[in-house]
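Colleague: Protein chains in written order, with the working numbering: chain A, 44 to 185; chain B, 3 to 535.
By construction, the Cβ of each residue, glycine as well, lies at the ideal position given by its N, Cα and C atoms.
1. Taking only three categories from DSSP, how would you classify residue 182 of chain A?
2. Write down every uninterrupted run of the beta strand (DSSP E) in the segment 215 to 301 of chain B whose length is 3 residues or greater and which is fully enclosed by it, in chain order.
3. What in chain B is Cβ-close to residue 157 of chain A, meaning under 7 Å?
4. When DSSP labels each residue in this structure, what does residue 126 of chain A get in the three-state scheme?
5. So does the segment 150 to 157 of chain A actually touch the segment 192 to 206 of chain B, counting three or more Cβ pairs closer than 8 Å?
6. Compare the C-alpha of residue 372 of chain B against each of B:312, B:320, B:342 and B:285 and name the closest.
7. Please tell me whether residue 118 of chain A has its Cβ less than 8 Å away from any Cβ of chain B.
8. Determine whether the Cβ of residue 504 of chain B lies closer than 8 Å to any Cβ atom of chain A.
9. Using the Cβ count rule (16 or more neighbours within 10 Å means buried), how would you classify residue 169 of chain B?
10. Could you give the C-beta distance for residue 232 of chain B and residue 261 of chain B, rounded to a whole number, given that I count them as a contact under 8 Å?
11. Do residue 47 of chain B and residue 20 of chain B count as a contact pair if the criterion is CB distance below 8 Å?
12. Indicate whether at least one CB of chain B lies closer than 8 Å to the CB of residue 173 of chain A.
13. Could you check what DSSP says for residue 392 of chain B in three-state terms: helix, strand or coil?
14. Pairing CB atoms from the segment 265 to 285 of chain B with CB atoms from the segment 18 to 33 of chain B, are three or more of them under 8 Å?
15. Could you tell me whether the segment 109 to 121 of chain A touches the segment 69 to 78 of chain A, where touching means 3 or more Cβ pairs closer than 8 Å?
16. As a quick exercise: from B:419, B:434, B:129 and B:225, pick the residue whose alpha carbon is nearest that of residue 452 of chain B.
17. Counting only Cβ pairs nearer than 7 Å, list the residues of chain B close to residue 72 of chain A.
18. Should the segment 26 to 33 of chain B be called in touch with the segment 166 to 175 of chain A, which here means at least 3 C-beta pairs below 8 Å?
19. Report the partner residues of residue 335 of chain B according to the DSSP bridge assignment.
20. Grouping DSSP H, G and I as helix and E and B as strand, with all else coil, what is residue 139 of chain A?
21. What does the alpha-carbon distance come out to for the pair residue 416 of chain B and residue 441 of chain B?
22. Just tell me which of A:180, A:90, A:58 and A:148 has its CA closest to the CA of residue 169 of chain A.
23. With burial defined as no fewer than 16 other Cβ atoms inside 10 Å of the residue's Cβ, what is the status of residue 67 of chain B: buried or exposed?
24. DSSP state of residue 84 of chain A, grouped into three classes?
25. From what residue to what residue does the alpha helix (DSSP H) around residue 384 of chain B run?
26. Please report the straight-line C-alpha distance between residue 434 of chain B and residue 287 of chain B, rounded to a whole angstrom.
27. For residue 142 of chain A, which residues in the same chain have their Cβ closer than 6 Å to its Cβ, ignoring the five residues on either side in sequence?
28. So what's residue 44 of chain A in DSSP terms, helix, strand or just coil?
29. Taking C-beta pairs closer than 8 Å, name the residues in chain A that residue 433 of chain B reaches, listed in chain order.
30. State yes or no: is the C-beta of residue 256 of chain B within less than 8 Å of the C-beta of residue 275 of chain B?
31. What's the call for residue 379 of chain B, buried or exposed, on a 16-neighbour Cβ count within 10 Å?
32. What are the partner residues of residue 131 of chain A, as DSSP defines its beta bridges?
33. Which whole-angstrom value is the C-beta distance of residue 100 of chain A and residue 127 of chain A, which I expect to be below 8 Å?
34. Quick one: which chain A residues come within Cβ less than 7 Å of residue 234 of chain B?
35. What would DSSP say about residue 112 of chain A, mapped onto helix, strand or coil?
36. I'd like to know if residue 322 of chain B contacts chain A, where contact means its C-beta is closer than 8 Å to some C-beta of that chain.
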């Protein structure tokens, strides 16, 4: 569990460099959150988790040529204190269930307001498991 | 031998001078059961030949008139491909045999010639005519058969062409679905960084105008977000994803999809809704979206060019006596309406009043498929000049006694006590329970004093008994590291189920815990004395 005073260090795993740059810029102004880096593929992600020991990994569900669900236990094994949260445009119940079963600590929709995303990341860092409102509706019914 | 007239088509045409053998031949044939027509010259004979003649009996002397033989040859040459009219040439009695043969040779390239020499026996004439008519009948049969084959080939070719068009239409739809999903995903991927950049920018805005601009851009991005969510919602595949098969509240569904619907309507057409809260239907969200999308799109196309067009989506819950509740979802427009013929055919697959370039003819068929596969129905009411209303009647989600979301009921009444030392399982359980709108209370030590649901890791059996004794109607979910045996009463697993006790391994994955918690929560929802299951 992270200290309440230290910022939550976040690793962003996504093949979308535009999103990575925007997140880096945005996290610079988000209280309590710190952008630790960006990885665009699986092996970089594992290396960066080992190197940076981030508090939270935000992992895109669908990336070309990458089985992201298989990546979850690899990241967890690389740094057991790191918590992995899916950040995806897809909110299919099957995807959410499989991600949680694979060890994800949460599932956040990319359509959520940025304040909601930030709040959920902080909660995950404190040990909670989270579903964003849209993911919750999809997975648990509306 | 006398021919059976039942097999014979057309009359026997006699070409002979009336003052000559024509009456005698006619009489003999009529007596023999044949239909006869007499022509005095080739000109009058030609009409019969082009219509329905079965055979021709020609007296040689009729062709010795200058030009007549050539006229006959010309007329015979104009027969259709299938026709080879039998001609019986009656050689003149006592005349030079070579004359008849010369005439026959003159006609053989265009006719089917038999020479009979007069005087002839009546039976010989009848036999020859009978044979000729049977040959003629076979020509007709061959013609009919050939035409039938040609029609079959034409029909099959048309069917094949139509099938190809349908296949292409399906491929277009599948491609559009893939494109919609990809587009929705790409928009979502792009909108998130734009929103973040915009917020970073907004935080540094120093002028009122800049703040107004960033707010306006944010509003546009919200619209894009809704659009992309709707596109992704439409493309979900139920067989692949096992998504929820019902919508608890149509208003939530509408908030997700109305942006997409708005996007397919012409600029000046208004999209209105009347969806009271708490009305749910037993249809998956994306299936309903596909059906209503097609209906809204059709309505928009009917209103193209209008400045006062309105498309309205309205729902009402109906409770027919003695039958399960249903929801009627109406999609109406104030367009030109449909003719009775279009109404009759509009649900036929591939029927469309639009050009192939913009229509697949599958939209209404798909809407009907969605309604009927959900156990509902679709109807259309329309009159020319009075607009069109499609009514989807769908099974309702039964909220006891009231059209209120189950989640809303739980929220006001339910507490779940959580006694799970294992951190991840506790966090997952709390997330799921909060997602089901239960108030979650962490509890340790003995059984909780009061709760609707208790989720406990390896609780001692007496604690479970105490809890259920204290909270009748409550449920217990036991997460066991030992197995269920320690908790099994005399009645075994059935006894556990009757007492609302669920047992699952502590190592059960979140998806299994989700199913168990949903079942446990639903088993003891009590509203106005009715147990909801």
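Modeller: Result, derived from the coordinates:
1. Walking along the first chain from the start, residue 182 of chain A turns up at place 139. Here residue 182 of chain A sits in helix by DSSP.
2. 272 to 276
3. The residue given as residue 157 of chain A occupies position 114 in the first chain. The answer, in chain order, is 197, 198 and 201.
4. As a position in the first chain, residue 126 of chain A is number 83, starting the count at 1. Residue 126 of chain A falls in the strand class under three-state DSSP.
5. yes
6. Stepping through the second chain from its first residue, residue 372 of chain B is reached at position 370. Minimum Cα distance to residue 372 of chain B is reached at B:285.
7. Within the first chain, residue 118 of chain A is the residue found at index 75, counting from 1. Answer no: the Cβ-Cβ gap between residue 118 of chain A and chain B never drops below 8 Å.
8. Residue mapping note: residue 504 of chain B aligns to position 502 of the second chain, counting from 1. With 8 Å as the cut-off, residue 504 of chain B does not count as an interface residue toward chain A.
9. Indexing the second chain from 1 puts residue 169 of chain B at position 167. Answer is exposed; the Cβ neighbour count stays below 16.
10. Within the second chain, the letter at position 230 stands for residue 232 of chain B. Within the second chain, the letter at position 259 stands for residue 261 of chain B. About 6 Å; that satisfies the 8 Å criterion.
11. Taking the second chain and counting its residues from 1, the one referred to as residue 20 of chain B is at position 18. Taking the second chain and counting its residues from 1, the one referred to as residue 47 of chain B is at position 45. No, they are not a contact pair.
12. Indexing the first chain from 1 puts residue 173 of chain A at position 130. It does; some Cβ of chain B falls within 8 Å.
13. Translated into the one-based positions of the second chain, residue 392 of chain B becomes position 390. Of the three classes helix, strand and coil, the one that applies to residue 392 of chain B here is strand, per DSSP.
14. no
15. no
16. Position 450 of the second chain holds residue 452 of chain B. The candidate whose alpha carbon is nearest that of residue 452 of chain B is B:419.
17. Working through the first chain from its first residue, we reach residue 72 of chain A at position 29. Simply 202 and 205.
18. no
19. Translated into positions along the second chain, residue 335 of chain B becomes position 333. Its beta-bridge partners are B:313 and B:390.
20. Along the first chain, one-based indexing puts residue 139 of chain A at 96. Residue 139 of chain A falls in the helix class under three-state DSSP.
21. Residue mapping note: residue 416 of chain B aligns to position 414 of the second chain, counting from 1. Residue mapping note: residue 441 of chain B aligns to position 439 of the second chain, counting from 1. Answer to the nearest angstrom: the Cα atoms are 6 Å apart.
22. Here residue 169 of chain A refers to the residue found at position 126 of the first chain. Selected option, being the one with the closest Cα: A:148.
23. Numbered from 1 along the second chain, position 65 holds the residue referred to as residue 67 of chain B. Exposed.
24. To locate residue 84 of chain A, count along the first chain from 1; it is residue 41. The answer is coil: DSSP assigns residue 84 of chain A none of H, G, I, E or B.
25. Translated into the one-based positions of the second chain, residue 384 of chain B becomes position 382. Counting along the chain, residue 384 of chain B falls outside any alpha helix (DSSP H), though it belongs to the beta strand (DSSP E) covering 379 to 384.
26. Here the question's residue 434 of chain B lines up with position 432 in the second chain. Here the question's residue 287 of chain B lines up with position 285 in the second chain. Distance between the alpha carbons of residue 434 of chain B and residue 287 of chain B is about 21 Å.
27. Working through the first chain from its first residue, we reach residue 142 of chain A at position 99. If we look at residue 142 of chain A and ignore the five residues flanking it on each side, its Cβ neighbours are 129 and 150.
28. Working through the first chain from its first residue, we reach residue 44 of chain A at position 1. Since pLDDT at residue 44 of chain A reaches only 47, below the 50 mark, its modelled position is unreliable, and the value read off the structure follows with that caveat. Residue 44 of chain A falls in the coil class under three-state DSSP.
29. Mapped onto the second chain, residue 433 of chain B falls at position 431. The contacting residues are 149, 171, 172, 173 and 174.
30. For the purposes of this step, residue 256 of chain B is taken as the residue at position 254 of the second chain. For the purposes of this step, residue 275 of chain B is taken as the residue at position 273 of the second chain. Against a cut-off of 8 Å, the Cβ pair of residue 275 of chain B and residue 256 of chain B comes out as a contact.
31. For this step, residue 379 of chain B is matched to residue 377 along the second chain. Exposed, since its Cβ has fewer than 16 Cβ neighbours within 10 Å.
32. Looking up residue 131 of chain A in the first chain gives position 88. Beta-bridge pairing links residue 131 of chain A to A:152.
33. Looking up residue 100 of chain A in the first chain gives position 57. Looking up residue 127 of chain A in the first chain gives position 84. Their Cβ separation, rounded to whole angstroms, is 5 Å, which keeps residue 100 of chain A and residue 127 of chain A in contact under 8 Å.
34. Here residue 234 of chain B refers to the residue found at position 232 when the second chain is read from its first residue. Result: 132 and 133.
35. Translated into the one-based positions of the first chain, residue 112 of chain A becomes position 69. Looking at residue 112 of chain A - three-state DSSP - the assignment turns out to be helix.
36. Taking the second chain and counting its residues from 1, one reaches residue 322 of chain B at position 320. Not one chain A Cβ lies under 8 Å of residue 322 of chain B.
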